[in-house]
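Just so we're aligned: 267 in the working numbering is position 206 of the sequence shown, and the numbers increase by one with no gaps anywhere. Positions of the beta carbon are idealized from the N, C-alpha and C atoms, including for glycine.
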Amino acid sequence: METTDKIWFNGKLVPWSEAKVHVINHTMHYGTGAFEGMRFYDTKKGPAIFQLDRHIDRWLYSAKCLHMKVPYSKAELRQATIETVKVNKIKEGYIRPIAYYDHGPLRVNPVDLPVGVAIACWPWGSYLGEESARLKVSSYIRIHPQTTYTDAKITGHYVNAMLAVREATEAGYTEALMLDYEGYVAEGSAENIFIIKDGIIYTPPLGTILAGITRESVITLAKDLGYKVVEKKLKIKDILEANECFLTGTAAEVSPVGQIDKQKLQNQLGPVTAKLKKRFEQVICAEDEKYYKWLTFVK
Ligand SMILES: Cc1ncc(COP(=O)(O)O)c(C=O)c1O
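Structure follows, in structure tokens:
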């Protein structure tokens, strides 16, 4: 992993190697961190963070689900994110903010524990690679919505994601595809999923999945391009019979899917996916002023 100079750590920018926590912290023991993943891109107007406000909103929502009182306002966290990118002087990369229950009396109920906050960034290229992804239908199902807040980005949820992606990559696949507790298609370990059938774009509704910000952005872009987008419960059969399939995520961006288990899909990179992928790339690189509202330029 390529590191950077500074991490914003509880109000200060400190050297990367000094942003440390005590081993007796609640989040490490119980998975109670609220975190985010954002990307920033090199544009003609300098580095630009994609959907910063939406990510900070979801970060604070995840913290709220954990009853965590983050000791900074939205405006302060926003500014801290911008400063972290600026001070590290890299043109594009990934941003990882986290809020956690810190060192204190250790028991499951984190009453009165201090809350720590860190924001790091580093260079990070393509996540799923350049070829179309091959997905393995996971033997692990996506967490049940009555066990936790499945639309929040909470560290403990990623035990489920980690087991699924590990199983998939060990079997030679690019990524896992998890079903929900009713057997409907949910999402990848770190991506939402879309299919295209007869010109209509379908994606699973919110309920058991993470409310992806790339998902939301791509739905808007698709509608702006004139496509009909339908949020609907999907079965694996629907993907196998679809004309195209793709994943969305901060890490994965817009990534075409070409195979589910042993079955090759109709298109490895279909025309609608290619169009949306291109459109998304134009937007994140600040090539369309209409979507500047989604970009925070780091001057
Ligand atoms: C489980 C899961 N689903 C979907 C996504 C995609 O969400 P976003 O587009 O906000 O990165 C992510 C990544 O954050 C994820 O971890």
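key: Presumed contact (8 angstroms Cβ cut-off) between Gly331 and Asn304, rounded CB distance   = On the sequence shown, position 270 is the one that residue 331 refers to. On the sequence shown, position 243 is the one that residue 304 refers to. Their Cβ separation, rounded to whole angstroms, is 6 angstroms, which keeps Gly331 and Asn304 in contact under 8 angstroms.
key: Boundaries of the alpha helix (DSSP H) in which Ser123 is found, first to last residue   = To locate residue 123, count along the sequence shown from 1; it is residue 62. Taken as a continuous stretch (DSSP letters only), the alpha helix (DSSP H) holding Ser123 covers Leu113 to Cys126.
task = Helix, strand or coil for Tyr219, going by three-state DSSP, please let me know.
result = Mapped onto the sequence shown, residue 219 falls at position 158. Helix.
query = Straight-line CA distance for Tyr219 to Lys325?
reply = Mapped onto the sequence shown, residue 219 falls at position 158. Mapped onto the sequence shown, residue 325 falls at position 264. If I take the Cα positions, the gap works out to 28 angstroms.
ask   = What's the gap between the Cα of Phe70 and the Cα of Thr142?
value = Position 9 of the sequence shown, counted from the first residue, corresponds to residue 70. Position 81 of the sequence shown, counted from the first residue, corresponds to residue 142. Distance between the alpha carbons of Phe70 and Thr142 is about 11 angstroms.
query = What's the C-alpha gap between Ile180 and Lys336?
reply = Reading the sequence shown from its first residue, position 119 is the one you call residue 180. Reading the sequence shown from its first residue, position 275 is the one you call residue 336. Rounded to the nearest angstrom, the two C-alpha atoms are 33 angstroms apart.
task = Return the CA-CA distance between Lys130 and Ala124, expressed in angstroms with no decimal places.
result = The residue given as residue 130 occupies position 69 in the sequence shown. The residue given as residue 124 occupies position 63 in the sequence shown. Cα to Cα, Lys130 sits roughly 7 angstroms from Ala124.
key: Burial state of Met239, where buried means 16 or more other Cβ atoms lie within 10 Å   = As a working mapping, residue 239 is identified with position 178 in the sequence shown. Buried, by the Cβ-count rule.
task = May I ask you to report which of helix, strand or coil DSSP gives Thr338?
result = Walking along the sequence shown from the start, residue 338 turns up at place 277. Checking the displayed sequence, the identity of residue 338 turns out to be Lys instead of Thr. Residue state, collapsed to three classes: helix.
ask   = Terminal residues of the continuous beta strand (DSSP E) containing Val131?
value = Taking the sequence shown and counting its residues from 1, the one referred to as residue 131 is at position 70. Careful: Val131 lies outside any beta strand (DSSP E) and carries neither H nor E.
request  = Can you tell me which of Ser199, Phe358, Ala194 and Pro266 puts its alpha carbon nearest to the alpha carbon of Ala225?
outcome  = Here residue 225 refers to the residue found at position 164 when the sequence shown is read from its first residue. When only C-alpha atoms are compared, the closest one is Ser199.
key: Segments of 3+ residues assigned as beta strand (DSSP E) that fall wholly inside the region 234-318   = 236-240, 246-249, 253-258, 261-264, 290-292 and 305-310
message = Taking the alpha carbon of Gly98 as the reference point, which residue from His90, Ala160 and Asp285 has its own alpha carbon closest?
response = One-based indexing of the sequence shown puts residue 98 at position 37. Checking every option, the nearest Cα to that of Gly98 belongs to Ala160.
task = Report the three-state DSSP secondary structure of Ile68 (helix, strand or coil).
result = Against the sequence shown, residue 68 aligns to sequence position 7. In this structure, Ile68 counts as strand in the three-state DSSP scheme.
message = Are there any heavy atoms of ligand 1 lying less than 7 angstroms away from the beta-carbon of Lys106, as far as the coordinates show?
response = As a position in the sequence shown, residue 106 is number 45, starting the count at 1. Because no heavy atom of ligand 1 lies under 7 angstroms away, the Cβ of Lys106 does not count as near it: no.
request  = Below 7 angstroms CB to CB, which residues in the same chain sit around Gly273 once its five sequence neighbours on both sides are set aside?
outcome  = Start at 1 with the first residue of the sequence shown, and residue 273 comes out as number 212. Hits under 7 angstroms: Asn253, Thr309 and Gly310.
task = Would you kindly work out how many angstroms separate the C-alpha atoms of Glu20 and His205, rounded to a whole number?
result = Only positions 62 to 360 of the chain appear in this structure, which leaves residue 20 out of reach.
query = Is Arg276 near ligand 1, going by C-beta to nearest heavy atom under 7 angstroms?
reply = Residue numbering aside, residue 276 sits at position 215 when the sequence shown is read from its first letter. Yes, ligand 1 has a heavy atom inside 7 angstroms of this Cβ.
request  = For Gln207, count neighbouring Cβ atoms within 10 angstroms of its own Cβ and tell me buried if that reaches 16, exposed if not.
outcome  = Position 146 of the sequence shown, counted from the first residue, corresponds to residue 207. It counts as exposed.
ask   = Hey, would you say Gln320 sits closer than 8 angstroms to Arg227, going by beta carbons?
value = The count along the sequence shown starts at 1 and reaches residue 320 at position 259. The count along the sequence shown starts at 1 and reaches residue 227 at position 166. In this structure, Arg227 does not lie closer than 8 angstroms to Gln320 by Cβ.
Own chain partners of Ile261 with C-beta closer than 7 angstroms, once the 5 adjacent residues on each side are dropped = The sequence position of residue 261 within the sequence shown is 200, counting from 1. Within the same chain, Ile261 has close Cβ partners Lys289 and Val291.
query = Could you give the residue range of the alpha helix (DSSP H) that holds Tyr161?
reply = Taking the sequence shown and counting its residues from 1, the one referred to as residue 161 is at position 100. Per DSSP, Tyr161 belongs to no alpha helix (DSSP H); it is in the beta strand (DSSP E), Gly154 to Tyr162.
Separation of Tyr234 from Lys323, as counted between CA atoms = Taking the sequence shown and counting its residues from 1, one reaches residue 323 at position 262. Taking the sequence shown and counting its residues from 1, one reaches residue 234 at position 173. Spanning the two alpha carbons is a distance of roughly 10 angstroms.
task = Helix, strand or coil for Lys354, going by three-state DSSP, please let me know.
result = In the sequence shown, residue 354 corresponds to position 293, counting from 1. If DSSP states are grouped into helix, strand and coil, Lys354 belongs with the helices.
task = Give the single residue among Asp103, Val315 and Trp185 whose Cα lies nearest to the Cα of Glu63.
result = Within the sequence shown, the letter at position 2 stands for residue 63. Comparing Cα-Cα distances from Glu63 to each of Asp103, Val315 and Trp185, the minimum goes to Trp185.
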